[in-house]
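**Student:** One structure, as structure tokens, below. Some questions next.
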Amino acid sequence: MEFSINLTSPEKAQADCLVLPIAGKKLPTALAKLDEAGQGWISALLASGELAEKSGSTLATHLPIGNKPQKIVLVQVDKDVNAAASRKLADTIAKVLVGGKSISAAVWLGGIRGVDAGALTHAITQSIVAESYRFTAFKSEPDPAPLLAQIAYIVAKKSDVDTAEAGLARGLAVGHGVNFARELGNLPGNACTPTYLADEAVKLARHYGIKADVLEAADMEKLGMGSLLSVAKGSVQPPKLITLEYRGGAKSAKPIALVGKGITFDSGGISLKPGEGMDEMKYDMGGAAAVLGTFRALAELGLPINVVGVIPTCENMPAGNASKPGDVVKSMSGQTIEILNTDAEGRLILCDALTYTAKFEPEVVIDLATLTGACIIALGHVASGLYANNDALADELLAAADESGDKAWRMPLWDDYQEQLKSNFADVANIGGRPAGSVTAACFLARFTKDYTWAHLDIAGTAWKSGAAKGATGRPVPLLVEYLAQRAAKKAKK
Ligand code: BES
Ligand code: MN
Ligand code: ZN
């Protein structure tokens with residue numbers, strides 16, 4: 000797919016399909032010549048009320064412009080478009096174009112007020128890239144690929160070109176990162192194993208000149224990662240601890256660390272999950288996928304910051320040698336853990352990964368994990384649960400969530416909840432009972448992140464969709480890329 004920014008008049012655009020976002024019923028003056036070429040049909044259509052007044056309404060038709068029927072798509076927009084509305088508009092345009100028969104399209108941005116050209120090219124490009132994604136790996140007859148191949152954005156003035164280009168680059172990078180994360184998520188557990196994830200990470204790293212390192216079980220043993228290994232041991236698939244180091248910033252600048260839960264299949268272990276819907280536990284590596292997707296976007300954009308990725312990955316399976324409820328294990332931090340439920344395995348692999356992450360002397364650590372069903376009860380499939388031991392970091396992440404539309408909502412980490420994790424037989428229990436299940440999981444992690452500034456995103460409700468639209472979403476890649484881009488911009492200002 001080819002995208003371009005075009006500083007031309009709409010009547011001169013050469014494309015199979017012309018997309019014209021317009022507010023209200025009146026023909027914008029910038030379209031007067033195009034309307035003339037179309038014998039006044041655009042203004043007549045607008046006046047007729049055929050295009051519904053509700054924003055997002057579309058009207059597709061062909062008009063005799065030049066010597067051929069020209070496809071025109073009118074899209075109703077608000078007089079003043081805000082960020083959220085621009086993303087909705089982007090989705091509408093993407094659905095029309097990707098689902099349509101046009102090979103080339105021109106999207107006129109001159110009729111949209113309230114958001115700048117960069118925000119528009121970012122949103123529309125990201126939507127088109129995401130809308131074009133198909134899962135084809137195991138389909139003998141895959142859904143046909145979209146015909147759409149060329150998209151030109153028509154901007155109104157010269158001063159819009161640079162911002163539109165920057166937005167386009169961001170939209171492409173986020174779209175590619177999102178789709179990469181979705182593909183890894185959608186792959187079944189027998190294809191996307193810990194070894195596969197490690198291979199993909201190394202491939203990505205090679206392609207972009209990022210440093211990659213993969214630790215094996217024996218290495219973890221030496222590091223004292225008894226908690227991570229206790230989850231992995233019931234599976235015939237060997238665990239991996241993947242680290243990526245992206246160095247785009249100053250040598251002396253401390254990195255941001257992203258830590259992603261990479262359970263490539265979560266059966267629950269000996270505390271076996273019920274059968275219904277268990278297939279969806281192939282998505283339990285959504286945190287890992289988001290780290291890799293974010294790295295892809297980061298590298299594509301070449302952001303001038305340092306970022307470290309840490310991915311503990313293994314399967315959680317029942318077996319004769321699997322961990323049992325009541326087992327006590329020793330984490331890398333030295334804290335002992337009573338495993339009261341082997342299905343609370345995410346925190347068991349994350350705690351060792353979080354302890355390990357300290358060696359990178361990170362400025363900030365953010366972990367991403369499909370951690371608890373309880374988070375879905377709390378926030379549904381709309382927002383990721385955000386926890387942080389630092390208010391400034393929480394605010395920055397909330398701002399990035401808001402800006403990207405990849406919603407998050409802050410949850411409490413109060414020490415009052417730590418009571419629920421008391422164990423009679425070890426330093427801490429791995430479950431805190433039914434009340435506030437997402438909070439107590441975060442509180443468990445908080446015991447391992449005291450030495451640095453840390454946030455945790457529980458993405459159990461947001462990493463994938465169930466039902467007819469079953470599939471990975473690629474969240475929270477948009478949030479993370481936005482956050483990193485904001486960090487990079489702030490650094491540049493200082
Ligand atoms: N991967 C699951 C969390 C999950 C469940 C995500 C359903 C999305 C949908 C996690 O490993 C898990 O099993 N958590 C348990 C914790 C409980 C045993 C304290 C849960 O949420 O039930
Ligand atoms: Mn589990
Ligand atoms: Zn899990």
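Its first residue numbered 0, the sequence shown is counted upward by one per residue in numbering that gives the first Met the number 0.
Ideal Cβ positions, reconstructed from N, Cα and C, are used throughout, including at glycine.
1) Roughly how many angstroms separate the alpha carbons of L222 and S403, rounded to a whole number?
2) Check whether the Cβ atoms of D426 and T335 sit closer than 9 Å, and answer yes or no.
3) So which of K253, L58, E35 has the shortest CA-CA distance to L45?
4) Assuming W107 is part of the beta strand (DSSP E), what are its boundary residues?
5) DSSP puts F2 in a beta bridge; with which residues?
6) State yes or no: is the C-beta of I376 nearer than 8 Å to some heavy atom of ligand 3?
7) Give the straight-line distance between the Cα atoms of S322 and A441, rounded to the nearest whole angstrom.
8) Quick one: what's got a C-beta closer than 6 Å to S131's C-beta in the same chain, skipping five residues either side?
9) Quick one, which of G184, Y416, D401 has its alpha-carbon nearest V381's?
10) For ligand 3, I want to know if K281 counts as a neighbour, meaning its beta carbon is within less than 8 Å of at least one of the ligand's heavy atoms.
11) Using DSSP's beta-bridge definition, name the partner residues of E244.
12) In or out: E1 buried (at least 16 other Cβ within 10 Å) or exposed?
13) Check whether the Cβ atoms of L19 and L88 lie closer than 9 Å to each other.
14) Please enumerate, following chain order, all residues with a beta carbon closer than 5 Å to at least one heavy atom belonging to ligand 1.
15) Does the region 252-264 come into contact with the region 384-398, if we say contact requires no fewer than three beta-carbon pairs (one atom in each stretch) closer than 8 Å?
16) Report yes if the C-beta distance between A129 and G292 is below 9 Å; otherwise report no.
17) Counting only the same chain and skipping the five closest in sequence on each side, list residues whose C-beta sits under 8 Å from that of V327.
18) Start and end of the beta strand (DSSP E) containing V80?
19) Is D198 helix, strand or coil when you go by DSSP?
20) Near I375, which residues of its chain fall below 7 Å by C-beta distance, leaving aside the five closest residues on each side in sequence?
21) Using CA coordinates, which residue listed in G48, S47, R486, V95 is at the minimum distance from P303?
22) According to DSSP, is Y451 helix, strand or coil?
23) So for A357, helix, strand or coil by DSSP?
24) Just reading off the beta strand (DSSP E) that T335 is part of, what are its end residues?
25) Taking 8 Å as the cut-off, is the beta-carbon of G23 closer than that to any non-hydrogen atom of ligand 2?
26) Leaving out five residues on either side along the sequence, give the residues of the same chain with a beta carbon under 6 Å from the beta carbon of Q417.
27) Under 8 Å: does the beta carbon of I499 sit that close to some heavy atom of ligand 2?
28) With DSSP as the reference, identify every bridge partner of H61, one or two as the case may be.
29) Let me make sure I understand the geometry here. Which of S229, D351, N429, T356 has the alpha-carbon closest to that of L243?
30) Regarding I269 and ligand 3, is the C-beta to nearest heavy atom distance less than 8 Å?
31) How close, in whole Å, do the beta carbons of L300 and D405 come, if the pair is a contact with beta carbons under 8 Å?
32) List the endpoints of the continuous alpha helix (DSSP H) containing V230.
33) Assuming A454 contacts I365 (C-beta within less than 8 Å), just tell me the rounded distance between them.
34) Here's the rule I'm using: 16 or more other beta-carbon atoms within 10 Å means buried, otherwise exposed. How should L167 be labelled?
35) In this structure, how does DSSP classify L302 when only helix, strand and coil are distinguished?
36) Return yes when at least one heavy atom of ligand 3 lies under 8 Å from the C-beta of K260, else no.
**Tutor:** In brief:
1) Between L222 and S403, the C-alpha separation is close to 38 Å.
2) Contact: yes.
3) Checking every option, the nearest Cα to that of L45 belongs to L58.
4) First-last of the beta strand (DSSP E) with W107: 103-107.
5) F2 has I150 as its beta-bridge partners, per DSSP.
6) Taking 8 Å as the cut-off, one finds no heavy atom of ligand 3 near enough to the beta carbon of I376.
7) Here the C-alpha atom of S322 lies approximately 22 Å from the C-alpha atom of A441.
8) Apart from the 5 residues on each side of it in sequence, S131 sits with its Cβ closer than 6 Å to the Cβ of V97, P145 in its chain, given in chain order.
9) Taking each of G184, Y416, D401 in turn and checking the Cα distance to V381, the smallest one comes out for D401.
10) Not one heavy atom of ligand 3 is found less than 8 Å from the C-beta of K281.
11) Bridge partners of E244: K210, V307.
12) So E1 counts as exposed.
13) It is not a contact, given that the beta carbons lie outside the stated cut-off.
14) Listed by position in the chain, the residues whose beta carbon lies within less than 5 Å of some heavy atom of ligand 1 are D265, D283, N340, D342, A343, G345, T369, T371, G372, I430, A459.
15) As far as the Cβ criterion goes, the region 252-264 does not touch the region 384-398, which means the pair count is below three.
16) Result no, Cβ atoms of A129 and G292 do not sit closer than 9 Å.
17) Around V327: T335, I336, E337, I338, F424, A425.
18) Premise fails: V80 is in no beta strand (DSSP E) and is neither H nor E.
19) DSSP places D198 within a helical segment (H, G or I) once states are collapsed to three.
20) By the criterion of a C-beta distance shorter than 7 Å, I375 is surrounded in its chain by A459, G460, once the five residues flanking it on both sides are discounted.
21) Residue nearest to P303 within the set G48, S47, R486, V95 is R486 (criterion: CA-CA distance).
22) In the three-state DSSP reduction, Y451 falls in the coil class, being neither helix nor strand.
23) Look at A357 here: in three-state DSSP terms it is helix.
24) Its beta strand (DSSP E) spans residues 335-337.
25) Judged by the Cβ position, G23 fails to qualify as a neighbour of ligand 2 at the 8 Å threshold, every heavy atom of the ligand being at least this far.
26) Result list for Q417: C442, in chain order.
27) The requested residue 499 does not occur in the structure, where the chain is confined to residues 0 to 493.
28) Residue pairing by DSSP places H61 opposite K70 in a beta bridge.
29) Minimum Cα distance to L243 is reached at T356.
30) Flag unset: Cβ of I269 not near ligand 3.
31) Not a contact, Cβ separation roughly 17 Å.
32) Segment 225-231, the alpha helix (DSSP H) holding V230.
33) Right, the Cβ-Cβ distance comes to about 5 Å (below 8 Å), so this counts as a contact.
34) Buried is the label assigned to L167, since at least 16 other Cβ atoms lie within 10 Å of its Cβ.
35) Correct three-state label for L302: coil.
36) Correct: K260 has its Cβ closer than 8 Å to ligand 3.
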